[in-house]
Amino acid sequence: MRCAVIGAGSWGTALANHLAQRGFEARLWSHEAETAAAMLAQHENRRFLPGIPLDRGVHPTPDLGWSLEGAELVVVVVPSHALREVVTKAAPYLHPGVPIVVASKGIEVGTLFTMTEVLEDVLPAALHPYIAALSGPSFALEVAQKLPTAVTVAAHWERIAKQVQTWFGSSYFRLYTSPDVVGVELGGAVKNVIAIGAGIAEGLGFGSNSRAALVTRGLLEISRLAVKKGANPLTLSGLSGMGDLVLTCTGDLSRNRQVGLELGRGKKLEDILASMSMVAEGVINARSVHDLAQKLKVEMPICESVYRVLYEGLPVRECVTQLMSRDPKPELG
Numbered sequence: 066m067r068c069a070v071i072g073a074g075s076w077g078t079a080l081a082n083h084l085a086q087r088g089f090e091a092r093l094w095s096h097e098a099e100t101a102a103a104m105l106a107q108h109e110n111r112r113f114l115p116g117i118p119l120d121r122g123v124h125p126t127p128d129l130g131w132s133l134e135g136a137e138l139v140v141v142v143v144p145s146h147a148l149r150e151v152v153t154k155a156a157p158y159l160h161p162g163v164p165i166v167v168a169s170k171g172i173e174v175g176t177l178f179t180m181t182e183v184l185e186d187v188l189p190a191a192l193h194p195y196i197a198a199l200s201g202p203s204f205a206l207e208v209a210q211k212l213p214t215a216v217t218v219a220a221h222w223e224r225i226a227k228q229v230q231t232w233f234g235s236s237y238f239r240l241y242t243s244p245d246v247v248g249v250e251l252g253g254a255v256k257n258v259i260a261i262g263a264g265i266a267e268g269l270g271f272g273s274n275s276r277a278a279l280v281t282r283g284l285l286e287i288s289r290l291a292v293k294k295g296a297n298p299l300t301l302s303g304l305s306g307m308g309d310l311v312l313t314c315t316g317d318l319s320r321n322r323q324v325g326l327e328l329g330r331g332k333k334l335e336d337i338l339a340s341m342s343m344v345a346e347g348v349i350n351a352r353s354v355h356d357l358a359q360k361l362k363v364e365m366p367i368c369e370s371v372y373r374v375l376y377e378g379l380p381v382r383e384c385v386t387q388l389m390s391r392d393p394k395p396e397l398g
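Numbering (our numbering), first residue to last: 66 to 398.
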C-alpha cells in the first residue's frame, strides 16, 4: 500500500517512518527541495529528527503531485498557518474513498477554523466524510524511538476512524477512536497556549504548585471553549485533552513550554523564535484562541494573559500578578 505524508517536520517524518515500518510505501513531501535531497542522501532527517534512521520504505520528495499519486492514505502534517495553501495545492490529487488524516494542531488565524474545518472549506464535499483528526500526547522523537504512545483519531464517519486505527496501530503506538472531532482538535490546539504559560511560570522560578494550578485551570479553559463549539466535555479528560496538556506543559521536548521558559527568564520573543528551527504553534495560536474566545464569549484568563504577553508586551510578572489577583469565585463557576 502507498501513503502520502504531507510535511517533513519532526512529526511528519516520525509518522512516515512509522507507516513505512507498518508496510506502507510512504512518500514524504517536503516543501524544501534541499531537505528532501538531504534525506535521500543521508537516510535521515538531520534537521528535524536527527539520530533516527529512515526506513527504506520512506521516499522523500519535493514533488507534491508525485507524493499523492496512487495514495490510499493521506496524512497532513504541516504547520497550521500553511495548511490552507498546501491543501489547496494538493486538492486536485485527492479522491473520495481515501482517508485524509490531519495531524496538524491549531486554529487558523482570521477564519478561526480548526484544521479539519480548513480542509472542509478547501476541499469538495465528496471528500469531507473521509477527513479525520489525529491528536494526543505524542512527542515525535519518542514515537520514532518506538516508546509506548497512545493517541486519539477522531472522525465523523466511524468507518474511517477505525480504518486509520488499524493502519497506524502497532505494539508501541495505540490509537483510540472518537466521533468528537472538534473536541479532539481544540484540545490539541489550545494546550499549546497553556504550555507557554506553564513555561513562563517555571522560567520565573515558580514551583510545582504553580504548574499544577496552570494545568488544571488550563484544562477548564480548554473545556469551556470546546463545549461552546459543540464538543463532548468528556473528550477533554482524555488523551487529546488532559493527556496532551500534561505532556506539553511538563515535557522537556515541548517547544511551547520552551518558549515560555525563555520568556520567564527575560528573553525577548523575537530572539527566542529566531533560535528555534521548528514552529512553536502556541505562539500563533495564542492570537487565534484569543479571537475565538472573544467571538464565542468564553472566559479564558490564562490564554488571555499569554496573548497579552506575546502580542501586547505585558511583563511576565505582571501577567502572574493579574491572574492571582482576580476576584474570588467558585472553582467550577
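Backbone N, C-alpha and C define an ideal beta-carbon position, used for all residues, glycine too. Bear in mind the structure is a predicted one, so any value in this text is a computation, not a measurement.
Spatial distance of residue i from residue j (CA atoms)
i, j, result
"Phe271", "Leu284", "20 Å"
"Leu105", "Thr126", "8 Å"
"Asp245", "Glu207", "26 Å"
"Met343", "Gly74", "8 Å"
"Glu383", "Ser390", "10 Å"
"Ala152", "Leu188", "Per the sequence shown, residue 152 should be read as Val rather than Ala. Going by the C-alpha atoms only, they are around 8 Å apart."
"Gly77", "Gly135", "19 Å"
"Gly378", "Ser370", "10 Å"
"Pro380", "Asn110", "38 Å"
"Lys332", "Thr386", "19 Å"
"Ala254", "Arg121", "32 Å"
"Lys154", "Trp131", "12 Å"
"Thr179", "Gly116", "33 Å"
"Gln230", "Pro213", "15 Å"
"Tyr241", "Gly303", "10 Å"
"Arg239", "Phe233", "8 Å"
"Ala220", "Asn297", "14 Å"
"Pro118", "Val139", "22 Å"
"Ile259", "His146", "19 Å"
"Ala291", "Pro157", "32 Å"
"Gly268", "Leu192", "45 Å"
"Val174", "Gly347", "12 Å"
"Lys256", "Tyr376", "18 Å"
Inter-residue CB distance, residue i and residue j (contact presumed, cutoff 8 Å)
i, j, result
"Ser200", "Val216", "6 Å"
"Val324", "Gly264", "6 Å"
"Leu279", "Ile367", "6 Å"
"Ala98", "Ala91", "Incorrect: roughly 19 Å between the Cβ atoms, too far for contact."
"Asn350", "Ile172", "6 Å"
"Leu301", "Gly262", "So it is not a contact: roughly 17 Å between Cβ atoms."
"Ala25", "Asn82", "Not covered by the structure: residue 25. The range shown for the chain is 66 to 398."
"Val142", "Leu80", "6 Å"
"Phe204", "Leu338", "Incorrect: roughly 20 Å between the Cβ atoms, too far for contact."
Residue i at chain B interface by Cβ criterion, 9 Å
i, result
"Leu290", "Structure shown: chain B not included; a single protein chain is present."
Buried versus exposed, by CB contacts within 10 Å (16 or more), residue i
i, result
"Ala197", "buried"
"Asn274", "exposed"
"Pro164", "buried"
"Thr181", "buried"
"Asp336", "exposed"
"Glu364", "exposed"
"Ser169", "buried"
"Tyr372", "buried"
"Glu150", "exposed"
"Leu148", "buried"
"Gln53", "Lying outside 66 to 398, the shown extent of the chain, residue 53 is not represented and no answer is given."
"Ser340", "exposed"
"His160", "exposed"
"Asp309", "buried"
"Glu327", "buried"
"Met66", "exposed"
Reduced DSSP secondary structure (H/G/I, E/B, other) of residue i
i, result
"Gly122", "coil"
"Val218", "strand"
"Phe204", "coil"
"Ala81", "helix"
"Tyr237", "coil"
"Thr231", "helix"
"Leu212", "coil"
"Leu269", "coil"
"Ala296", "coil"
"Val324", "helix"
"Ala103", "helix"
"Leu199", "strand"
"Lys423", "No answer is possible for residue 423: the residues shown for the chain start at 66 and end at 398."
"His96", "coil"
"Ala358", "helix"
"Arg391", "coil"
"Leu159", "coil"
"Glu346", "helix"
"Ala73", "coil"
"Val371", "helix"
Residues bridged to residue i [DSSP beta-bridge criterion]
i, result
"Glu109", "Pro118"
"Val311", "Partner(s): none; Val311 has no beta bridge."
"Glu90", "Arg67"
"Leu138", "Cys68"
"Ile172", "Thr179"
"Thr242", "Val218"
"Val385", "Val385 is not bridged to any residue."
"Val166", "Val140 and Ala197"
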